[in-house]
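The C-terminal position of the sequence shown is numbered 148 in full-length UniProt numbering, with every residue numbered one higher than the one before it.
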Amino acid sequence: MTTRNMEKHTLGWIALIGAAVTVLLGLGAGTAGGAPHDWEEVAECESGGDWTTDTGNGFYGGLQFTPETWKANGGTGMASEASQAEQIRVAENVLKTQGPGAWPVCGQYLKKGGTAPIEVPHTTPAPAPAIETPDPVETPGVAETPDL
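Encoded structure:
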């Protein structure tokens, strides 16, 4: 294998490994596009697990939505009057646009698929572009020595 072919082969493997790492990081990232999330611990932290709470502090429901956030993310009526499933549906929309930081204290308890806490999304840099190297120049009168 020539040096050029070895470089192309190595760069191909680097690109393949980089793509695999990107896919794996993407699966573990905190996006709402994957499996549903377990919101129970967030609700426990936010409202003591009471999905109908209305304490008069400007936040409503088990996940403590403001009326503006609730409506902007597809909620109708009041969060405290919505079902738990509806509150979770709206929370998934909030998660897509704002991430777990929308619940600054309790977002740390959010679990993906009910198993492990989700992580804040990470960005992976793109692989470095391939570097073109010229073919070796043969010098007349100089014999190549075989590799030992």
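Think of the CB as a built atom: it goes at the ideal place given N, C-alpha and C, for glycine as much as any other residue.
Here the structure is a predicted model, which is why all the values come from computation and not from measurement.
Cβ-based burial, residue i [other Cβ within 10 Å; buried from 16]
{"i": "I131", "result": "exposed"}
{"i": "P104", "result": "exposed"}
{"i": "A85", "result": "exposed"}
{"i": "T115", "result": "The predicted model places T115 with a pLDDT of 40, which falls under 50 and marks its position as unreliable, so this point remains unresolved."}
{"i": "S80", "result": "buried"}
Cut-off 6 Å between Cβ atoms - residues of its own chain near residue i, not counting five sequence neighbours on either side
{"i": "T76", "result": "none"}
{"i": "Y109", "result": "E41, V42, C45"}
{"i": "N73", "result": "V90, N93, V94"}
Neighbourhood of residue i by C-beta, 7 Å cutoff - its chain only, sequence neighbours within 5 removed
{"i": "I88", "result": "W39"}
{"i": "G101", "result": "G107"}
{"i": "T69", "result": "V94"}
Where the alpha helix (DSSP H) containing residue i begins and where it ends
{"i": "residue 149", "result": "Residue 149 lies beyond the stretch modelled for the chain, which goes from 1 to 148, so this question has no answer here."}
{"i": "N93", "result": "84 to 98"}
{"i": "S80", "result": "No alpha helix (DSSP H) contains S80, which DSSP labels as neither H nor E."}
{"i": "C45", "result": "40 to 47"}
Proximal residues to residue i (C-beta, below 8 Å), its chain only, five neighbours per side dropped
{"i": "G33", "result": "With a pLDDT of only 41 at G33, under 50, the local geometry of the prediction cannot be trusted, and no value is derived from it."}
{"i": "S47", "result": "T53, G61, G62, L63, Q64"}
{"i": "Q98", "result": "none"}
Beta-bridge partners of residue i, as assigned by DSSP
{"i": "Y60", "result": "D54, F65"}
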